[in-house]
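Step one of this worksheet: look at the structure below.
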Amino acid sequence: MSFLEVRGVNKRFGGLQALDDVNLAVEEGTIHAIIGPNGAGKSTLLNCFVGKLIPDTGTVTFDGQSLLGLKPHQVNQVGVSRVFQTPEIFSDLTVMENVIIPCLAKRDGAFTLNGWSSVDAQADIREKAEQMLLDVNMADKRNMQAASLSRGDKRRLEMAMCLSQDPKLLLLDEPTAGMARADTNNTIDLLAEIQEKRKITKVVIEHDMHVVFSLAQKISVLAQGHVIVEDKPENIKGHPKVKEAYLGGAH
Amino acid sequence: MFNKLDSNDRYMMIFFIIMVLAGPIILAPFGAGYPDLLQRFAIFGLFAIGFNILFGLTGYLSFGHAAFLGVGSYSAVWMFKLLTMNVIPALFLSVAVAGVFALAIGYISLRRSGIYFSILTLAFAQMSYNLAYSVLTPITNGETGLQLTLDDPRILDGANATGDIPSTNLFGLTMNSTYKAELLGMTFQFNVGFYFCAIILILGFYTALKIFRSPFGLMLRAIKTNQTRLNYTGLNSRPYTLAAFVISGMYAGMAGGLMAITDPLAGAERMQWTASGEVVLMTILGGAGTLLGPVLGAGFIKYFENIFSKINDNVLHAWFSFMPESIENLLVGVLHFFVGKGWHLTLGIVFMLVVIFMPGGLVEGGNRIYKSLRRRFGNADETQAAE
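Taken in sequence, the protein lines are chains A and B.
So that you can map any letter, position 132 of the first sequence is 131 in numbering that gives the first Met the number 0, and since no number is skipped, the others follow by simple counting.
So that you can map any letter, position 43 of the second sequence is 42 in numbering that gives the first Met the number 0, and since no number is skipped, the others follow by simple counting.
Structure (structure tokens):
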């Protein structure tokens with residue numbers, strides 16, 4: 000059985016079949032990309048992994064455990080972290096605090112009434128957060144308010160927040176969406192760098208094909224809610240079905 | 000660096016304790032040094048501190064916190080009627096009952112956020128208010144309000160020999176006894192009830208400080224800034240907000256209990272929506288999300304309510320009597336609208352100015368003054384540091 004296994008997932012929104020019998024198998028330690036044109040159902044599929052949507056039929060199994068019916072925080076506690084299309088960070092807090100929170104969540108679970116001891120007194124947490132900021136080259140910005148970071152740094156911070164929890168699976172939803180080419184390349188480098196340091200299984204949702212070909216070991220192409228091809232990057236590029244899906248060859 | 004932060008908190012705490020305990024001396028020159036008003040400062044300060052734990056940290060704006068204030072008052076008075084005039088059991092019961100109420104109301108209201116949450120809490124508070132007036136009359140004594148009577152059982156206190164209604168006390172130390180001291184032509188009044196409230200206020204402030212600096216407080220601030228990220232970080236926001244709601248409800252209950260302790264009666268009007276709105280004003284005026292802000296805001300509003308409202312035309316004439324009569328009359332005629340019964344107008348203007356120009360409240364104003372002073376005298380500081 001694969002690390003993340005999606006079997007026969009269907010999801011309907013009214014008259015729209017957003018996901019149509021989707022099957023997917025992600026192997027441990029690899030980067031698996033899901034690409035497809037706009038409206039192919041990529042984000043819907045991702046939302047089915049994290050407890051935001053519940054599929055009409057089908058199963059999503061992660062590490063031998065079903066993810067269906069779990070709330071987002073429960074999915075995270077199982078070991079799945081998510082990076083959003085637009086970085087979701089705690090803008091009003093400092094960079095350091097942004098990283099401390101996931102560390103606390105990892106150590107103390109979904110809820111702990113720890114109202115009497117000081118955050119500064121949690122030596123293990125501080126150390127871990129500090130190390131994480133060093134890893135992503137943001138240690139000098141630790142006392143900055145997260146809202147004042149550049150877009151690229153916000154992405155970097157969000158990545159650091161996810162990584163500080165040592166997730167078993169990292170989901171990335173269009174990590175380069177709306178970025179300039181230079182920023183896109185930076186993000187690709189960051190991802191490659193992370194992959195080198197820690198072999199975390201990743202599922203990357205991407206619109207931009209350029210991003211995934213340099214990263215992914217395996218690519219699934221989604222079109223109109225259906226996986227049309229699943230193969231290695233080199234076989235995807237010239238695949239006629241993929242060209243058809245992206246360029247609208249039907250016409 | 001973090002040691003320094005801790006010591007900053009320590010200075011703030013010491014400053015706070017001194018200011019509160021010296022309240023009767025500091026406020027006497029401003030005409031606010033009498034026990035009744037001092038007690039109100041402390042009680043509403045405590046109320047606002049608790050409210051700020053919910054509103055200031057999580058951003059959930061409750062419009063029904065007066066319900067807990069009222070519940071606290073009723074509980075305390077019942078304790079005086081049934082058990083003993085000692086204030087300790089009364090205070091415990093007010094906090095406990097308010098906590099239970101907050102748990103129930105919070106559990107339902109927190110299913111929604113934003114304006115819907117505010118409306119739900121408002122609805123619950125108005126419901127409590129109207130119930131206290133009507134159906135619950137056997138418990139609340141309706142319009143008259145719950146009062147002490149001579150034939151109350153007071154099991155622990157034994158038979159009442161004096162024929163007077165006994166006064167609230169802390170193991171024999173009566174709350175309404177006041178020690179007066181004359182100095183520099185002023186009378187300083189040191190009231191037991193005020194000092195009891197002051198000690199509770201200090202403990203409440205210290206607890207709030209601990210919560211602000213704790214992992215729990217950090218999570219509450221995280222809820223305010225991005226709940227989505229919090230959930231996807233593996234944290235369940237619901238119990239955090241509920242805990243904050245219950246804690247702030249318990250603070251309100253404690254404030255209500257103190258109101259009954261300093262003046263042993265309880266009426267339904269304490270639960271009215273205007274009372275809920277008042278604590279919102281206090282917190283925003285002082286600075287939501289800051290530690291000192293709510294206390295400052297509470298003091299500011301209560302001062303206005305009690306002192307500004309007492310300035311009438313005669314007082315104004317006395318102030319401006321040195322001027323020619325025509326100017327004097329003009330000034331009095333204009334200011335007439337802003338003082339006395341018109342104090343709400345002044346408060347409204349001040350509130351507008353604060354919200355527009357200092358969204359961080361009075362605390363932000365204070366910080367700005369501090370920073371500009373430091374900039375002006377900054378060079379001196381730097382040379383000192385260099386030496």
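We put the CB at the ideal spot given by N, CA and C, even for glycine.
Nothing here was measured: the structure is a model prediction, and the numbers come from that model.
query, result
"Give the single residue among T57/B, M78/B and V96/B whose Cα lies nearest to the Cα of F67/B.", "V96/B"
"State buried or exposed for A384/B, treating a residue as buried only when at least 16 other CB atoms are found within 10 Å of its CB.", "Note that A384/B has pLDDT 40, beneath the 50 cutoff, so the model's placement of it is unreliable and no number is given."
"Helix, strand or coil: how does DSSP classify I164/B here?", "coil"
"In the DSSP assignment, find the unbroken beta strand (DSSP E) run with Q188/B in it and report its ends.", "M185 to N190"
"State the start and end residues of the unbroken alpha helix (DSSP H) segment that holds F40/B.", "P34 to N51"
"Evaluate contact between the region 208-218 of chain B and the region 27-43 of chain B, counting only Cβ atoms and requiring at least three cross-stretch pairs below 8 Å.", "no"
"Could you check where the alpha helix (DSSP H) with R374/B kicks off and where it finishes?", "G360 to R375"
"With respect to the alpha helix (DSSP H) encompassing L396/B, which residues constitute its N-terminal and C-terminal limits?", "Limits of chain B in this structure are 0 at one end and 386 at the other, which puts residue 396/B out of reach."
"What is the rounded straight-line gap between the Cα of A65/B and the Cα of L241/B?", "17 Å"
"Which residues bound the alpha helix (DSSP H) around A222/A?", "Not the alpha helix (DSSP H): A222/A falls in the beta strand (DSSP E), residues K217 to A222."
"For H316/B, name the three-state secondary structure that DSSP assigns.", "helix"
"My assumption, with CB atoms under 8 Å, is that H316/B sits in contact with V331/B. Please give the rounded CB distance.", "6 Å"
"Indicate whether V59/A and V8/A have their beta-carbon atoms separated by less than 8 Å.", "yes"
"Using a Cβ cut-off of 8 Å, pull out every chain A residue sitting near R212/B, in sequence order please.", "S117, V118 and D119"
"Which of the three DSSP states is assigned to N7/B in this structure?", "helix"
"Nearest CA to the CA of F50/B: which residue from G364/B, V294/B and M322/B?", "V294/B"
"Run through chain B and tell me which residues come within less than 7 Å of N75/A, C-beta to C-beta.", "Y231, T232 and G233"
"Classify V76/B as helix, strand or coil using the three-state DSSP reduction.", "helix"
"Evaluate N97/A with the Cβ neighbour count: other Cβ atoms within 10 Å of its Cβ, from every protein chain shown; 16 or more gives buried, anything less gives exposed.", "buried"
"Please determine, among Y302/B, Y194/B, Q125/B and G141/B, the residue with the shortest C-alpha to C-alpha distance to Y132/B.", "G141/B"
"Should K223/B be flagged as near chain A, meaning a C-beta pair shorter than 8 Å?", "yes"
"So who's on the other strand from Y178/B, going by DSSP bridges?", "F189/B"
"If you draw a straight line from the alpha carbon of K3/B to that of W115/A, how long is it in whole angstroms?", "Because K3/B carries a pLDDT of 42, less than 50, the predicted location of this residue cannot be relied on, and no value is offered for it."
"Report the three-state DSSP secondary structure of K41/A (helix, strand or coil).", "helix"
"If you follow the beta strand (DSSP E) that A24/A is in, where does it begin and where does it stop?", "L15 to V25"
"Using the DSSP secondary-structure output, state which residues sit across from A197/B in a beta bridge.", "In the DSSP output, where bridge partners are listed per residue, A197/B has none listed."
"One question on the structure: do K301/B and F40/B come within less than 8 Å of each other, judged by their Cβ atoms?", "yes"
"In chain B, which residues lie with their C-beta within 9 Å of the C-beta of M160/A?", "R228 and T232"
"Taking DSSP as the reference, what is the three-state secondary structure of K201/A?", "strand"
"Here's a check: name, in chain order, each residue in its chain whose Cβ is nearer than 8 Å to the Cβ of D119/A, leaving out the five neighbours to either side.", "R125"
"Please say whether E87/A and N225/B have beta carbons closer to each other than 8 Å?", "yes"
"Closer than 8 Å between beta carbons: that is the criterion. Which residues of the region 22-48 of chain B meet it against chain A?", "none"
"Start and end of the beta strand (DSSP E) containing L80/A?", "One detail in the question is off: residue 80/A reads as Ser in this sequence, not Leu. Unbroken beta strand (DSSP E) run through S80/A: V79 to V82."
"Under 8 Å, Cβ to Cβ, is there at least one residue of chain B near N113/A?", "yes"
"Whose Cβ in chain C lies nearer than 8 Å to the Cβ of R81/A?", "This model lacks chain C altogether, as its protein chains are A and B."
"How about P71/A: is its C-beta nearer than 8 Å to some C-beta of chain B?", "yes"
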